[in-house]
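Trainee:
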Amino acid sequence: MTLLNEPRTRRRRLGVAAAAAGLLAALLTAAPAGATPDPGDTPKAPKKVSKSDAEDTRKAISDGKIPAPDEIVHSDNIEHLANIPKDALPGTNSDLAFQGKYAFAGNYDGFRVFDISNPKKPKTVAQVLCPGSQNDVSVSGDLLFLSTDSSRSDSSCSSTTQPATEKSSWEGMKVFDISDKRNPRYVAAVETACGSHTHTLVPERRNVYVYVSSYAPSASFPDCQPPHDGISVIKVPRKAPHKAEVVGFPVLFPGEGPDGGGNPGGPTNPGVSKTTGCHDITVLPSKDLAAGACMGDGILFSIKDPERPKVIDRVQDNVNFRVLALGDLQPARRQGRVHRRAGRWRRRHLQRRDRSEPRRRRHLRDQGPGRQARGSPSRATSRSRATRPTPRTASPTTPP
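If you use mature numbering (1 follows the signal peptide of the UniProt record, and there is no 0), the sequence shown corresponds to residues -35 to -1, 1 to 365, in order.
1) Output the boundary residues of the beta strand (DSSP E) element that contains Ala53.
2) Would you decide whether residue 367 is buried or exposed? Buried here means 16 or more other CB atoms lie within 10 Å of its CB.
3) Assign Lys16 to buried or exposed, taking buried as 16 or more other Cβ atoms, counted over all protein chains shown, within 10 Å of its Cβ.
4) How about Thr233 and Met260: are their beta carbons less than 7 Å apart?
5) How many Å lie between Gln99 and Val93 at the Cα?
6) Helix or strand or just coil, what does DSSP make of Thr126?
7) Once you ignore the five residues that flank Ser120 on each side, which residues in its own chain have a CB closer than 6 Å to its CB?
8) Going by C-alpha to C-alpha distance, which of Phe79, Cys95, Pro96 sits closest to Lys88?
9) If distances are taken between C-alpha atoms only, which option among Pro223, Ser116, Leu111, Cys189 comes closest to Val175?
10) Can you tell me whether DSSP reads Ala(-3) as helix, strand or coil?
11) For Asp188, count neighbouring C-beta atoms within 10 Å of its own C-beta (all shown protein chains included) and say buried if the count is 16 or more, exposed if not.
12) Enumerate in chain order the residues of its own chain whose CB-to-CB distance from Pro296 is below 6 Å, with the five nearest sequence positions on each side excluded.
13) If you compare alpha carbons, which of Ile196, Pro32, Lys24, Leu108 is closest to Gly257?
14) With respect to the beta strand (DSSP E) encompassing Asp60, which residues constitute its N-terminal and C-terminal limits?
15) Spatial neighbours of Gly29 within its chain, please: C-beta separation below 8 Å, excluding the five flanking residues on both sides.
16) Considering only the alpha carbon of each residue, which of Thr247, Ala70, Asp245 lies closest to Ile81?
17) Is it the case that the stretch 161 to 170 contacts the stretch 206 to 221, given that we only count it when at least three CB pairs across the two stretches are under 8 Å?
18) Please classify Thr22: does DSSP put it in a helix, a strand, or coil?
19) Considering only their Cβ atoms, is the gap separating Arg279 from Asp262 smaller than 7 Å?
20) Between the C-alpha atoms of Leu(-33) and Pro191, what's the straight-line distance to the nearest angstrom?
21) Here's the rule: buried if 16 or more other CB atoms are within 10 angstroms of the residue's CB, otherwise exposed. What is Ile277?
22) Short of 7 Å in beta carbon distance, which residues of its chain neighbour Ile26, apart from the five on each side in sequence? Order them along the chain.
23) Rounded to the nearest angstrom, what separates Leu109 and Val102 at their Cα positions?
Below, the structure written as structure tokens:
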């Protein structure tokens, strides 16, 4: 692992609103934003847009349906305070976590720690170079958790990409000690089946349980065999994080056949993704409940025993959704009432369901914007100028 000195960077105006940034990239058929050290970690370049689709997109901009390049739009209760360009970690930004006055930003190249005590002038506290997409990040106490969902040569922060067809390849969870925010320490690595696309924490006093979501198995992948119809559960002792280990792999969709009992997807359900694992999980610890967005299925499970989560409800929507993904709704966490489920659809869409009685779910509301212009991308990337500081060695590149 390498810690990078804080560089002096030039601040610049926010160049593009999120949707417009991706739109402009699509129109210009540009490559993704900064290249990562390993080609295997770089998001795929957007497909070339046809002339008719490009014209439709330009018309949508002129009609005010979507923001134009360099146009900043926001609701009345949101104010843009600062823009922090990338510097030592040029990869794609992936995730954010917050703790007190600190923010932790996941990046395909590692993660970055910010002091946000002055929201208008965030300061970089530390940058950790540790490639491995997509590096989704979570924090609990003095521990930081990082997801690796790209096949690597080993678990170290100096690893390189390696085909998933090789048994020696590694994917999974990395654990860092962040008791000293300026000097994070890599303390544990836990390999999981099919890696870790995202993860969710179930924090307890003595242990932190990590629910690992992953998918896309293949018969040619030794460590990611179908059926992959469950999640990995990792137990991390707070006082001995180096003893982190997988303690279970609950099967969420039991069934016969090579793909288990999840949503079969197409052609049975045309346009719907086959369930081969989960994409997101949101937990409500006060209610001992968790909700999972598992590709073609939405599930609710009891986490009274966090090592053995048990499915208590399941729902499918084969009309509106191709991939199910969960949004984070903090008021719902406190009230235990509203469950938000959103996904990649023909247009962006939101459903709200009453989960106060888990076995008697009630649909509350549908919400979604107007149709996107054809050819506009569903995900945006951002660009920023960067300077590379001189790296300094901080701690071993592999956990003890």
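Backbone N, C-alpha and C fix where the C-beta goes; we use that ideal spot for every residue, glycine too.
Mentor: Once the coordinates are examined:
1) From DSSP, Ala53 is part of no beta strand (DSSP E); its letter is neither H nor E.
2) The chain is shown from -35 up to 365; residue 367 falls before or after that span and cannot be answered.
3) Lys16 comes out exposed.
4) no
5) 14 Å
6) Of the three classes helix, strand and coil, the one that applies to Thr126 here is strand, per DSSP.
7) Trp135, Ala154
8) Phe79
9) Among Pro223, Ser116, Leu111, Cys189, the Cα nearest to that of Val175 belongs to Leu111.
10) In this prediction, Ala(-3) scores a pLDDT of 30, lower than 50, which makes its location untrustworthy; no coordinate-derived value is stated.
11) buried
12) Legend: pLDDT at Pro296 = 33, less than 50; position of this residue unreliable, value from coordinates given subsequently. So no residue of the chain qualifies.
13) Ile196
14) Membership of Asp60 in the beta strand (DSSP E) is indicated by the continuous run 58 to 64.
15) none
16) Taking only the C-alpha atoms, the option nearest Ile81 is Ala70.
17) Touching, no, given that fewer than three Cβ pairs across the two stretches are closer than 8 Å.
18) helix
19) It is a contact, given that the beta carbons lie within the stated cut-off.
20) 38 Å
21) Ile277 should be labelled exposed.
22) The residues Ala33, in chain order, have a CB closer than 7 Å to that of Ile26 in the same chain once the five nearest residues on each side in sequence are set aside.
23) 7 Å
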